[in-house]
Amino acid sequence: MLRLAWSVIEDTPSSELLTLTDTALIKLLLQQIASKILLSGEEVCALYSYIGSRTALIRDTAESRDLKVYPISGRDRVSAAQI
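Converting from the sequence shown to my numbering requires adding 2 to each position, the first position being numbered 1.
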């Protein structure tokens, strides 16, 4: 179930993950997970707690998807923000 949760997080557009409130983010992810598998009430509560305790990590992951790294040569690298 946790693997599915992170798969759903990866499939959700970064813009949604970064702009929603914590409560809206948790609700969105729970709805997406519930659309893929049948969850018991206990599983919903566990996932709510799990996702709620990891909202900062989820947002960091979404932010890192937006940062692209472009190799220039050798060990030199430049991020999209520097271009």
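No residue lacks a Cβ here, since even glycine has one placed at the ideal position from N, Cα and C. Being a predicted model, the structure only gives us computed values, none of them experimental.
- A distance below 7 Å between beta-carbons, with the five flanking residues on each side excluded, links LEU6 to the following residues of its chain, in chain order: ILE35, LYS38 and ILE39.
- LEU32 and ALA64 have their alpha carbons spaced roughly 17 Å apart.
- LEU41 is positioned such that its CB atom lies no closer than 9 Å to that of LEU30.
- With 16 or more other Cβ atoms from the protein chains shown falling within 10 Å of its own Cβ, LEU27 counts as buried.
- Only exposed fits LEU4, as fewer than 16 other CB atoms lie within 10 angstroms of its CB.
- Cβ neighbours of ARG61 within its own chain (closer than 7 Å, five residues either side excluded): LEU19 and LEU20.
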